[in-house]
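Here is the structure we will look at, set down as structure tokens.
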Amino acid sequence: MRREVRLLLVLASVLAMPGAHAMNTAPLDTAWLDRTWDFNRPAETETRFRHELETLSTSAVARLELLTQIARAQGLQRQFDAAHATLDVVEKALGGRAPRVAIRYLLERGRVYNSSRQPERATPLFQQALDKARIAHEDFLAIDAAHMLGIAAAVDERLRWNLEALAMTERTDDARSKRWLASLYNNIGWTYHERGEYTTALEYFEKALPAWEARGGVDNVRFARWAIARAYRSLGRYDDALAIQRGLVVEGAEAGAPDGYVDEELGELLLAKGDPAAARPHFARAFELLGADAGLRQSEPERLARLKRLGGVE
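The numbering used here puts the first residue of the sequence shown at -13, with every later residue one more than the last.
Rendered as structure tokens:
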């Protein structure tokens, strides 16, 4: 048994002991959580969470809530077994207490299943999370659950769930919950894009950009611009798309953060314009950058093989 899994099981047994101290019911500080999370760097985020975990007593609700976020960070690193083991600790310690932690537990268990290509196991958990969050008036988590159903549900149900999540966000008076607008505009845009409704997709991507700008975060704003350019390509607006992607290449180089997806799009655009020679170095660069992603190597080997071929990589 791996050492970290054994330690988690020991912790679970301690938390579940009848003689354990009464649970401290103070929740995790959500402002701190928002500041600490970096979804683009889950390993670093997990490290910060584990440092904070050491400061929390074993009887604290906040500790259990933080463990759900550690599991999320593990899932983003594709460490699915470790994520499930972390969530097992939370499940054994809950005992019907702390509604917010129970909701987060369901969300994160569902996310791990969905990320490991088991959406049929994820969707019932997201539905349970949504039902519990509505009862507990946890608007932020209810929207999160509906948005995850918009990702994991059957294809013909995704748009309905995304639009439901958007309606919930527009109705809420909670400022933190309003921050979901950017993600939801983006997700709805991609749902329409998958349906081949590119004009409507572009409309939502264009709504997402100012919403991301209002939230802050350079990476998210760049991705929003990338999505607009991707819709332009689908609409045949190649020159408009090229202008955005070339700008993103320059920004990425200046920041020391090249993006393989940007190079991939530049290759696709130049190929679509009938210039495979100009496209080749971009495909090669995209293969180099994206090929370093273990998750992509596992989930989309055909995509990487195509980049390698079009890039002339030996």
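C-beta atoms are modelled at their ideal positions from N, C-alpha and C, and glycine is treated no differently. As the structure is a prediction and not an experimental result, all values here were calculated from the model.
In angstroms with no decimal places, state the Cα-to-Cα distance between K118 and I89.
6 Å
In three-state terms, what does DSSP make of N26?
coil
Which of the three DSSP states is assigned to A140 in this structure?
coil
Could you tell me if V141 is buried or exposed, where buried requires 16 or more neighbouring beta carbons within 10 angstroms of its beta carbon?
exposed
I think I214 touches L188, with their Cβ atoms under 8 Å apart; what is that distance to the nearest whole Å?
7 Å
How is the alpha helix (DSSP H) around L73 delimited, first residue to last?
F66 to L80
Does the beta-carbon of G55 have 16 or more other beta-carbons within 10 angstroms, so that it is buried, or is it exposed?
Checking the sequence shown, residue 55 turns out to be Gln, not Gly. Q55 comes out buried.
Could you pull out every residue in the same chain whose Cβ sits closer than 8 Å to the Cβ of R34, ignoring the five residues on either side in sequence?
T22
Just to confirm, are A122 and G96 a CB contact at a threshold of 8 Å?
no
In terms of residues, what are the limits of the alpha helix (DSSP H) holding K158?
Lys is not the amino acid found at residue 158; the sequence shown has Thr there. Neither: T158 is in no alpha helix (DSSP H) and is coded neither H nor E.
Using 10 angstroms around the beta-carbon of E288, count the other beta-carbons present and answer buried if the total reaches 16, otherwise exposed.
exposed
Comparing the CB of P13 with every heavy atom of the ligand MN, is any distance shorter than 7 Å?
For the ligand MN, the structure offers nothing, since it holds no ligand at all.
Going by CA-CA distance only, name the one from M134, F273, L14 and R271 that's closest to Q43.
The sequence shown places Ser at residue 43, not Gln. Per the Cα distances, L14.
Work out the CA separation of R201 and L228 for me, nearest whole Å.
26 Å
What would DSSP say about A84, mapped onto helix, strand or coil?
coil
So, helix, strand or coil for A46, using DSSP?
strand
CA-CA distance, A46 and D20?
20 Å
Contact under 8 Å by Cβ, F39 with L52:
A quick correction: the sequence has Leu, not Phe, at residue 39. Taking 8 Å as the Cβ cut-off, L39 and L52 qualify as a contacting pair.
According to the Cβ coordinates, are A138 and T185 closer than 8 Å?
no
Member of A161, T155, K193 and D160 whose CA lies at the smallest distance from the CA of N172:
K193
Verify whether the separation of the beta carbon atoms of R208 and E237 is less than 8 Å.
yes
Based on the DSSP secondary-structure assignment, which residues constitute the bridge partners of N10?
A46
Please report the distance separating the alpha-carbon of E254 from that of H37.
43 Å
When the distance is taken between beta carbons, is T155 closer than 8 Å to L135?
no
For T186, report the span of its alpha helix (DSSP H) as first-last.
Y184 to R201
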